[in-house]
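Have a look at the structure below, then the notes.
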Amino acid sequence: MFSHIMLGSNDIARSKRFYDATLGAMGCAPAEPNAKGRLAYTHRGGRLMITKPLNGEPATGGNGSTIGFAAASPEEADAWHKAGVANGGEAIEDPPGVRHTPNGDLYLAYLRDPDGNKLCALYVMPAK
């Protein structure tokens with residue numbers, strides 16, 4: 050359904066440190082700014098792009114928005130979360146762990162990136 054997700058940043062270098070670390074914990078290669086100063090991360094069939102807003106206004110996190118990253122294991126979600134906190138992110142919600150839902154158990158870890166975007170690493174636990 051989605052071709053990519055684009056997030057605004059007020060500081061591309063700061064975002065690069067954060068996303069290189071968090072996505073690197075999931076095996077994604079670091080991004081290099083392109084000719085327009087944008088970062089592009091491609092991994093596991095998904096594409097995340099980071100840019101300064103084209104209208105010149107400050108980047109802000111979307112209220113009620115969450116971007117989810119598929120984790121390969123609970124350990125990968127934990128590594129993602131730890132890397133995010135160590136690189137300017139903020140731990141939010143409950144600590145990383147299993148959440149029991151009507152559709153099965155999920156391992157979730159939540160962060161806000163340095164620009165306030167809400168992010169989640171999600172691993173679907175095997176059915177019992």
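Numbering of the sequence shown is given in the working numbering, commencing with residue 50 and proceeding in unit increments.
Don't be surprised by glycine CBs; every beta carbon is placed ideally from N, CA and C.
- Ranking G117, C77, Y156 and G110 by CA distance to the CA of F51 puts G117 first.
- For D69 and T109, the gap between their C-alpha atoms comes out near 20 Å.
- By the neighbour-count criterion, in which a residue is buried when 16 or more other Cβ atoms sit within 10 angstroms of its Cβ, P79 is exposed.
- For L72, the enclosing alpha helix (DSSP H) covers residues I61 to G73.
- Annotation: K167 to M98 spans about 15 Å, alpha carbon to alpha carbon.
- DSSP places A89 in the uninterrupted beta strand (DSSP E) bounded by L88 to H92.
- With respect to A126, A176 sits apart: the two C-beta atoms are not nearer than 8 Å.
- Sequence-distant partners of N136 (beyond 5 residues in either direction) whose C-beta falls short of 6 Å from its own C-beta, in its chain, are R66, F67 and A70.
- Each of V173, D164 and L171 was checked against the Cα of P107, and the nearest Cα belongs to D164.
- Under the three-state reduction of DSSP output, A128 falls in the helix class.
- Where D164 is concerned, there is no enclosing beta strand (DSSP E), because DSSP gives it neither an H nor an E.
- By the CB criterion at 8 Å, M174 and G153 fall inside the cutoff.
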